[in-house]
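Chemist: What the sequence shown shows, in numbering that gives the first Met the number 0, is residues 0 to 433, in sequence order. Encoded as structure tokens, here's the structure I'll be asking about.
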Amino acid sequence: MPVAGGPYPIEMIVAEILAMVEDTRLSLRAVMEDYFRRKPHLENAKNLARAYAAGVLRSFKLVDEIARYVLGLDVSQLDSFSRNALRALIYEAKFRRIDRERILGLAKRLKIRLSSRDLSLIKEVGLDELVKGRSEVSRLALTYSQPEWVVEYLLKLLGHRETEKLLKAFNRTPTTWLRVNTLKISVGELERRLRRRGLVVVRDDDLPYMLKVLRSKVPPSRVPEHSRGMFYIQDKASALAVQCLGEAELIADLTAAPGGKASLAHQLWSSEVLALELRRKRALIMKGLVRRLDAEGVYMINADSAHPPLRVRLRKVIVDPDCSSLGRLGHSPEIRLWVKPTMVLRYAAEQRRLIKAAYNLLERGGELVYSTCTFTLEENEENILWALNVLGLELEEARPRIGLPGLMGLKEAQRLYPHLHDTVGFFIAKLRKP
């Protein structure tokens with residue numbers, strides 16, 4: 000039986016990776032880096048495994064329902080490896096043109112009861128049959144493999160038409176954006192080099208140092224220009240947040256890892272940036288990035304951003320806190336496996352602590368940009384209203400304008416969505432200390 004990645008079938012590699020993702024609640028990217036570092040003999044399967052795992056995650060609810068409907072199996076009762084091995088096989092049987100004997104052979108090897116008739120039923124069962132009699136929320140959640148509470152929240156926020164467009168966008172391969180490191184290379188020169196590497200890119204009209212990848216023969220992270228720090232893979236929305244902040248000689252970036260915003264601020268304005276990060280491992284990752292990009296004006300501080308050990312008052316502060324990351328449900332489909340509504344309120348409370356810390360760092364007339372990669376009101380507009388009413392901050396226009404106006408009357412803020420702006424879901428607000 001032909002296999003990918005040497006003696007290991009690709010299905011087993013994917014099942015092991017997804018089991019680790021479920022068990023650790025770490026990102027797919029982080030788990031894969033660890034997995035292939037420990038198993039370098041499987042390195043040639045890495046790109047296929049990444050695409051395969053993302054495909055399973057983007058259809059996991061549908062696959063789980065097929066297991067229940069066709070096989071009579073409740074996947075939640077299986078251990079994490081068996082559950083994800085079954086998901087991988089059903090995904091292949093339903094969505095990929097894989098030899099039936101291969102799937103049956105793997106099922107036997109993995110001790111999964113699967114017959115040739117089962118495979119026929121899996122192939123034949125239609126979505127209409129699976130969603131019949133379900134509510135709108137349940138139907139959309141199953142169709143697009145999203146948590147029901149997320150779908151319900153989106154329907155209330157955006158309405159049916161925009162919600163379905165957004166859910167479709169979350170299940171497409173997301174756009175990759177490259178930030179040209181103009182400290183090392185011009186935009187035009189990098190475009191020419193990437194073209195020779197087999198990457199087709201187009202320069203962005205809004206942020207001219209950003210390149211949108213249209214086609215790529217190799218992952219951008221694998222080309223030499225990436226390892227040499229000539230570009231950084233960064234979403235356009237993330238770069239926009241920095242652009243909205245504006246120039247200052249000294250900037251603080253709270254919760255700065257992995258360092259994309261801090262290094263961009265230095266790149267744009269030669270600013271000195273105090274980059275705070277509590278978690279040591281993330282701080283070390285940021286240190287490596289800063290070195291690779293030659294962002295010599297970024298100074299890393301391993302400290303709690305809620306209680307920053309800074310004696311200076313600043314004109315500019317970036318607050319990009321941890322959040323529920325619902326705007327990344329396309330880029331990081333593993334989030335669907337564990338995100339819960341209770342997380343939203345927990346994050347919102349922590350975000351307010353960071354906004355207050357930033358407020359205390361600002362001099363009078365100083366400005367902060369607050370951004371998240373989520374779309375919940377609790378983590379976005381409600382936090383800004385709290386900052387206005389409790390801290391006395393003033394809302395300013397976040398420019399340049401690319402996204403839609405903020406909600407709840409906060410039209411000066413911006414919201415960006417994958418289906419409208421080709422970015423992750425994002426929120427940006429600019430606040431001034433009077």
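Virtual Cβ for every residue (Gly too), placed ideally from N, Cα, C.
(1) Would the segment 320 to 333 count as touching the segment 273 to 287 if we require 3 or more Cβ pairs under 8 Å?
(2) Check the DSSP bridge columns for residue 271 and list the partner residues they point to.
(3) If you follow the beta strand (DSSP E) that residue 429 is in, where does it begin and where does it stop?
(4) Just how far apart, CA to CA, sit residue 201 and residue 382?
(5) To the nearest angstrom, report how far apart residue 4 and residue 19 are at their CA atoms.
(6) By Cβ distance, which residues of its chain are closer than 6 Å to residue 246, with the 5 residues on each side in sequence left out?
(7) Only counting the same chain, and skipping five residues up and downstream in sequence, which positions put a Cβ closer than 7 Å to that of residue 189?
(8) Only counting the same chain, and skipping five residues up and downstream in sequence, which positions put a Cβ closer than 6 Å to that of residue 111?
(9) Under DSSP, the alpha helix (DSSP H) around residue 20 begins and ends at which residues?
(10) Write down every uninterrupted run of the alpha helix (DSSP H) in the segment 67 to 99 whose length is 4 residues or greater and which is fully enclosed by it, in chain order.
(11) Nearest-angstrom Cα distance between residue 126 and residue 391?
(12) Using CA atoms only, rank isn't needed, just tell me which of 422, 137, 416, 430 is closest to residue 385.
(13) Suppose only complete runs of 3+ residues qualify. What are the beta strand (DSSP E) ranges in the segment 185 to 211, listed by chain order?
(14) With C-beta atoms as the reference, is residue 44 less than 8 Å away from residue 16?
(15) In the structure shown, what three-state DSSP assignment does residue 290 receive?
(16) First and last residue of the beta strand (DSSP E) that includes residue 45?
(17) So, are the CB atoms of residue 255 and residue 264 less than 8 Å apart?
(18) Can you list the beta strand (DSSP E) stretches of 3 or more residues lying completely in the segment 365 to 395, in chain order?
(19) Is the distance from the Cβ of residue 144 to the Cβ of residue 81 below 8 Å?
(20) Counting Cβ pairs, one atom from each stretch, are 3 or more of them under 8 Å apart for the segment 47 to 62 and the segment 144 to 161?
(21) State the Cα-Cα distance for the pair residue 30 and residue 163, rounded to the nearest angstrom.
(22) Write down the C-beta distance between residue 274 and residue 368 rounded to the nearest angstrom, noting that I regard them as a contact closer than 8 Å.
(23) Of the choices 298, 117, 238, whose alpha-carbon is the least far from that of residue 482?
(24) For the alpha helix (DSSP H) containing residue 148, name the first residue and the last one.
(25) Could you pull out every residue in the same chain whose Cβ sits closer than 7 Å to the Cβ of residue 346, ignoring the five residues on either side in sequence?
(26) Where residue 109 and residue 287 are concerned, what is the direct C-alpha to C-alpha distance, given to the nearest angstrom?
(27) Does the segment 333 to 344 touch the segment 418 to 433, meaning 3 or more C-beta pairs lie closer than 8 Å?
(28) Would you decide whether residue 78 is buried or exposed? Buried here means 16 or more other CB atoms lie within 10 Å of its CB.
(29) With a cut-off of 8 Å, do at least 3 Cβ pairs link the segment 409 to 425 to the segment 166 to 185?
(30) Using C-beta distances below 8 Å, list every residue in its chain close to residue 353, excluding the 5 sequence neighbours before and after it, in chain order.
(31) Under the assumption that residue 235 contacts residue 203 (Cβ atoms under 8 Å), give the Cβ distance between them as a whole number of angstroms.
(32) With 16 as the cutoff for other CB atoms within 10 Å, does residue 1 come out buried or exposed?
(33) Taking the C-alpha atoms as reference points, what is the distance between residue 270 and residue 248?
(34) Do residue 13 and residue 52 have their CB atoms nearer than 8 Å?
(35) Rounded to whole angstroms, what is the Cα-Cα separation between residue 113 and residue 342?
(36) Would you kindly work out how many angstroms separate the C-alpha atoms of residue 413 and residue 38, rounded to a whole number?
Modeler: Taking the coordinates as given:
(1) no
(2) Residue mapping note: residue 271 aligns to position 272 of the sequence shown, counting from 1. Under DSSP, residue 271 takes part in a beta bridge, and its partners are 249.
(3) Translated into positions along the sequence shown, residue 429 becomes position 430. According to the DSSP assignment, residue 429 belongs to the beta strand (DSSP E) that extends over 425 to 431.
(4) Working through the sequence shown from its first residue, we reach residue 201 at position 202. Working through the sequence shown from its first residue, we reach residue 382 at position 383. Approximately 36 Å between the Cα atoms of the pair.
(5) For the purposes of this step, residue 4 is identified with residue 5 of the sequence shown, where counting begins at 1. For the purposes of this step, residue 19 is identified with residue 20 of the sequence shown, where counting begins at 1. Only weak support exists for where residue 4 lies, its pLDDT of 37 falling under 50; the coordinates are left without a value.
(6) Within the sequence shown, residue 246 is the residue found at index 247, counting from 1. Result list for residue 246: 268, in chain order.
(7) As a working mapping, residue 189 is identified with position 190 in the sequence shown. Here the set comprises 179, 224, 229, 230.
(8) By one-based count along the sequence shown, residue 111 stands at place 112. Closer than 6 Å at the Cβ level, and outside the excluded window around residue 111, lie 85.
(9) Within the sequence shown, the letter at position 21 stands for residue 20. Taken as a continuous stretch (DSSP letters only), the alpha helix (DSSP H) holding residue 20 covers 9 to 23.
(10) 79 to 94
(11) Residue mapping note: residue 126 aligns to position 127 of the sequence shown, counting from 1. Residue mapping note: residue 391 aligns to position 392 of the sequence shown, counting from 1. Each residue's alpha carbon lies about 52 Å from the other.
(12) Taking the sequence shown and counting its residues from 1, the one referred to as residue 385 is at position 386. The shortest C-alpha separation from residue 385 is found at 430.
(13) 198 to 202
(14) Indexing the sequence shown from 1 puts residue 44 at position 45. Indexing the sequence shown from 1 puts residue 16 at position 17. Cβ distance not < 8 Å, so residue 44 and residue 16 don't count as in contact.
(15) The sequence position of residue 290 within the sequence shown is 291, counting from 1. DSSP places residue 290 within a helical segment (H, G or I) once states are collapsed to three.
(16) The count along the sequence shown starts at 1 and reaches residue 45 at position 46. Looking at the DSSP string, residue 45 is not in any beta strand (DSSP E); the run it does join, the alpha helix (DSSP H), is 45 to 56.
(17) Here the question's residue 255 lines up with position 256 in the sequence shown. Here the question's residue 264 lines up with position 265 in the sequence shown. Their beta carbons are not under 8 Å apart, which means residue 255 does not touch residue 264 by this criterion.
(18) 393 to 395
(19) By one-based count along the sequence shown, residue 144 stands at place 145. By one-based count along the sequence shown, residue 81 stands at place 82. Against a cut-off of 8 Å, the Cβ pair of residue 81 and residue 144 comes out as no contact.
(20) Touching, yes, given that three or more Cβ pairs across the two stretches are closer than 8 Å.
(21) Counted from its first residue, the sequence shown places residue 30 at position 31. Counted from its first residue, the sequence shown places residue 163 at position 164. C-alpha separation (whole angstroms): 30 Å.
(22) Mapped onto the sequence shown, residue 274 falls at position 275. Mapped onto the sequence shown, residue 368 falls at position 369. Not confirmed; about 15 Å, so no contact.
(23) Only positions 0 to 433 of the chain appear in the structure, and residue 482 is not among them; the question remains open.
(24) Translated into the one-based positions of the sequence shown, residue 148 becomes position 149. The continuous alpha helix (DSSP H) containing residue 148 extends over residues 147 to 169.
(25) On the sequence shown, residue 346 is found 347 positions in, with the first residue counted as 1. Only 321, 322, 323, 378 meet the Cβ criterion.
(26) Sequence index remark: in the sequence shown, residue 109 carries index 110 (1-based). Sequence index remark: in the sequence shown, residue 287 carries index 288 (1-based). In a straight line, the C-alpha of residue 109 is about 40 Å away from that of residue 287.
(27) no
(28) The sequence position of residue 78 within the sequence shown is 79, counting from 1. Label assigned to residue 78: exposed.
(29) yes
(30) For this step, residue 353 is matched to residue 354 along the sequence shown. These residues qualify, in order along the chain: 253, 254, 304, 305, 318, 320.
(31) Locating residue 235 in the sequence shown gives position 236, where the first residue counts as 1. Locating residue 203 in the sequence shown gives position 204, where the first residue counts as 1. The beta carbons of residue 235 and residue 203 sit about 6 Å from each other, so the pair counts as a contact at 8 Å.
(32) Locating residue 1 in the sequence shown gives position 2, counting from the first residue. Unreliable placement is indicated for residue 1, whose pLDDT of 37 sits below 50; the coordinate value is still reported in the next sentence. With fewer than 16 other Cβ atoms within 10 Å, it is exposed.
(33) Here the question's residue 270 lines up with position 271 in the sequence shown. Here the question's residue 248 lines up with position 249 in the sequence shown. Spanning the two alpha carbons is a distance of roughly 5 Å.
(34) The residue you call residue 13 lines up with position 14 of the sequence shown. The residue you call residue 52 lines up with position 53 of the sequence shown. Against a cut-off of 8 Å, the Cβ pair of residue 52 and residue 13 comes out as a contact.
(35) As a position in the sequence shown, residue 113 is number 114, starting the count at 1. As a position in the sequence shown, residue 342 is number 343, starting the count at 1. Their Cα atoms are separated by approximately 37 Å.
(36) The count along the sequence shown starts at 1 and reaches residue 413 at position 414. The count along the sequence shown starts at 1 and reaches residue 38 at position 39. Using only the alpha carbons, I get a separation of about 43 Å.
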